[in-house]
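As structure tokens, the structure follows; a few thoughts come after it.
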Amino acid sequence: KNSHDRYNFMFNAYVELKVSKEFEICGCIGQCFYQEPKDDNISSKQIGVGGTNNWKICSLDQKATYGFIFERTKHPVQSQNVHFQFMTLYQHSTSDYVRMRITTCSRPFSGDGSSSLSVAHSFDQDAAAVLMARIASDRLSISENPGDVMRWLDRTLIHLCQYVAQFQKEDINTFNLPDNFALYPQYMFHLRRS
């Protein structure tokens with residue numbers, strides 16, 4: 004209950020996601036259900052509940068978390084920014100009518116990779132570790148071999164370290180990760196062991 008002695012949750016929710024042409028939607032990780040897609044920016048690669056940009060969520064509260072997975076398309080970059088828009092329809096527990104909430108995010112982006120520094124500065128290693136754990140458990144739930152999931156985690160970590168770490172080849176002492184990536188390899192180590 005909230006400070007007004009009312010239950011603070013929503014139910015019968017729908018989330019529709021729209022993205023710029025530079026990205027495609029792979030899926031959503033969380034307690035949601037597939038709805039017919041309403042857009043064509045949908046990736047053939049499905050992660051979580053994929054193949055759509057529209058999901059049904061039975062109940063929401065302030066602690067609910069969902070992970071939306073994207074991949075870059077082969078389209079040439081058409082603008083300086085990319086946009087992600089989340090349209091959420093829900094019924095609040097204190098009313099009978101449906102509410103709509105629209106959240107739009109915009110980020111600088113260029114196709115030549117120069118925007119990757121901005122992405123690296125805003126990296127949240129704790130959130131990334133949680134999302135990787137959720138993706139790994141999703142892969143296991145669809146009958147994927149545990150060994151394949153472990154190798155996927157390893158490849159993903161190696162790829163990330165090649166991308167953001169500073170090092171000289173053949174000299175392990177020069178390997179250095181930025182501060183906001185420093186704990187991520189340890190998180191992946193413990194995830195693999197769990």
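If you count the sequence shown from 1, position 33 lands on 36 in my numbering, and the numbers rise without skipping. All C-beta atoms in this analysis are idealised placements derived from N, C-alpha and C, irrespective of residue type, glycine included.
Under the assumption that residue i contacts residue j (Cβ atoms under 8 Å), give the Cβ distance between them as a whole number of angstroms.
i    : j    : result
C29  : G53  : 6 Å
L92  : Y190 : 35 Å between Cβ atoms; not a contact.
R137 : I60  : So it is not a contact: roughly 15 Å between Cβ atoms.
L163 : M135 : Wrong, their Cβ atoms sit about 10 Å apart, outside the cutoff.
Residues bridged to residue i by DSSP?
i    : result
R102 : Y93
S109 : H86
K66  : In DSSP, K66 forms no bridge with anything.
C61  : DSSP output for C61 lists no bridge partner at all.
Can you give me the start and stop residues for the beta strand (DSSP E) that residue i sits inside?
i    : result
T177 : 174 to 179
A16  : 12 to 22
E25  : From DSSP, E25 is part of no beta strand (DSSP E); its letter is neither H nor E.
Assuming contact is defined by CB atoms lying nearer than 7 Å, are residue i and residue j in contact in what I supplied?
i   : j   : result
F12 : Q94 : no
F89 : T76 : no
A56 : I45 : The question names Ala, but residue 56 is Asn in the sequence shown. Closer than 7 Å, so yes.
Leaving aside the five residues before and after residue i along the sequence, list all residues of the same chain whose C-beta is less than 8 Å from its C-beta, in chain order.
i    : result
M153 : R195
E39  : T55, N57
Return the chain-ordered list of same chain residues with a C-beta closer than 7 Å to the C-beta of residue i, the five sequence neighbours on each side being excluded.
i    : result
E173 : none
F178 : A168, F170
N84  : S109, R110, P111, F112
Y187 : Q128, A131, A132
K41  : E19, N56, N57
Which first and last residues belong to the alpha helix (DSSP H) in which residue i is found?
i    : result
I138 : 128 to 144
I50  : I50 -> no alpha helix (DSSP H), and no H or E assigned at all.
G150 : 149 to 167
F192 : 187 to 196
When every heavy atom of the ligand NAP is checked, does at least one fall within less than 6 Å of the C-beta of residue i?
i    : result
N179 : You won't find the ligand NAP in this model; it holds no ligand whatsoever.
Between which residues of its own chain and residue i is the CB-CB distance below 6 Å, once the five residues before and five after are set aside?
i    : result
L180 : A168
A132 : Y190
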